[in-house]
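Once you know that position 190 of the sequence shown is 190 in my numbering, the rest is easy, because the numbers rise by one and skip nothing. Glycine included, each C-beta is placed from N, C-alpha and C at the ideal position. Just so you know, these numbers come straight off a predicted model, no measurement behind them.
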Amino acid sequence: MSLIDESFWDALQDEGVLLLPPGDVLETLRMIDRPITTTILDPWYNSGVGGVRNDYIEWLVLILTESARISDHIFLWGFPEIVYRVLNHIPEGLVFNTWLTWYYKNCPSVQRGWRSAQNACLHFSKPNAMIYPEHFLNEKQLRKQAEGKLRYIPGPTSVLEAPLEIGFVRKHEQTGHPAQKPTRVFEPLIKMTTKEGDVVLDPMCGSGTTGVVCESLGRKVILCDLEEEYVQLVERRLNITRWGAKQRIARKGTSKKVIQSIIE
Ligand SMILES: C[S@@+](CC[C@H](N)C(=O)[O-])C[C@H]1O[C@@H](n2cnc3c(N)ncnc32)[C@H](O)[C@@H]1O
């Protein structure tokens with residue numbers, strides 16, 4: 001029986017955030033049988049932490065293809081000099097929209113300068129996917145828009161500037177995950193592509209940054225990661241328990257005797 005069934009989707013509506021037990025990204029994507037508005041794909045980068053795989057680009061294209069089956073929007077992160085190769089293999093039905101750059105001035109790398117202080121984020125979507133630049137309007141702009149006097153709608157910039165959360169930078173937010181992204185970097189992606197109540201998926205969620213952002217913006221979110229250590233980290237960070245047999249049985253009101261027999 002699949003871990004993702006009717007009771008999972010009911011629980012997502014009630015809880016807002018669901019964390020799956022440790023699992024591989026492709027398995028997670030293949031289990032999901034309902035539409036997702038936005039999928040965040042932030043894998044290891046095939047350089048440094050996480051090691052190197054020879055089939056990295058083929059693997060990314062496979063992940064992108066599975067994501068395209070269910071998602072309106074997909075954001076794929078990576079080192080620019082590596083991830084750009086995916087653009088030669090865009091799965092059918094997806095359109096490449098934007099090349100976003102996260103620029104962090106406080107990069108500790110010995111190689112100084114712009115080149116070694118950035119991550120790329122490729123935004124793909126289905127041709128009819130909705131975007132919401134109006135989510136970035138301030139009060140004054142919203143008033144003008146209501147009066148029909150707003151001449152253009154400013155969206156987010158394509159360079160997202162936010163420091164790495166290392167050393168003293170937002171120390172209280174640091175989880176110890178080696179590649180934690182700042183919430184400020186994910187926020188514009190979610191705001192631009194979703195509205196309240198929409199479902200976001202992050203199947204390689206690391207420290208759960210997507211979960212923090214979605215909770216604060218009122219989006220539903222499904223999280224997963226391969227590593228038990230990071231699933232535990234997300235449980236602590238978001239104060240949640242992973243989705244699993246015990247919760248599903250308890251939620252459905254199964255008798256204590258049956259639950260006890262399954263737990264044992
Ligand atoms: C760059 S980190 C994600 C960081 C995250 N966005 C954050 O802000 O904390 C990449 C994550 O992908 C996970 N990962 C790598 N390979 C995976 C796989 N095959 N399936 C699921 N997760 C995987 C790693 O365990 C790691 O936590």
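Residue ranges of uninterrupted alpha helix (DSSP H) with 4 or more members, entirely inside the stretch 41-73 and ordered along the chain, are 56-70. Ranking S216, E187 and N46 by CA distance to the CA of Y132 puts E187 first. A distance criterion of 7 Å places the beta-carbon of A120 beyond contact range of ligand 1, judged by its closest non-hydrogen atom. Under the DSSP assignment, K140 falls in the alpha helix (DSSP H) whose first and last residues are E139 to A146. Here the alpha carbons of Y104 and G51 stand approximately 22 Å from one another. Under DSSP, K220 shares a beta bridge with V199. Under the criterion of beta carbons closer than 8 Å, V234 and G211 qualify as touching, at roughly 7 Å.
In terms of Cβ geometry, K191 and F136 form a close pair [threshold 8 Å]. Residues H73, T193, T194 and V200 of the same chain have their beta carbon placed closer than 6 Å to that of T38, with the five preceding and five following residues left out of the count. Cβ contact annotation for T209 (same chain, cutoff 7 Å, sequence separation greater than five): Q180, K181, T183 and F186, in chain order. The three-state reading of DSSP puts T28 in helix, counting H, G and I together.
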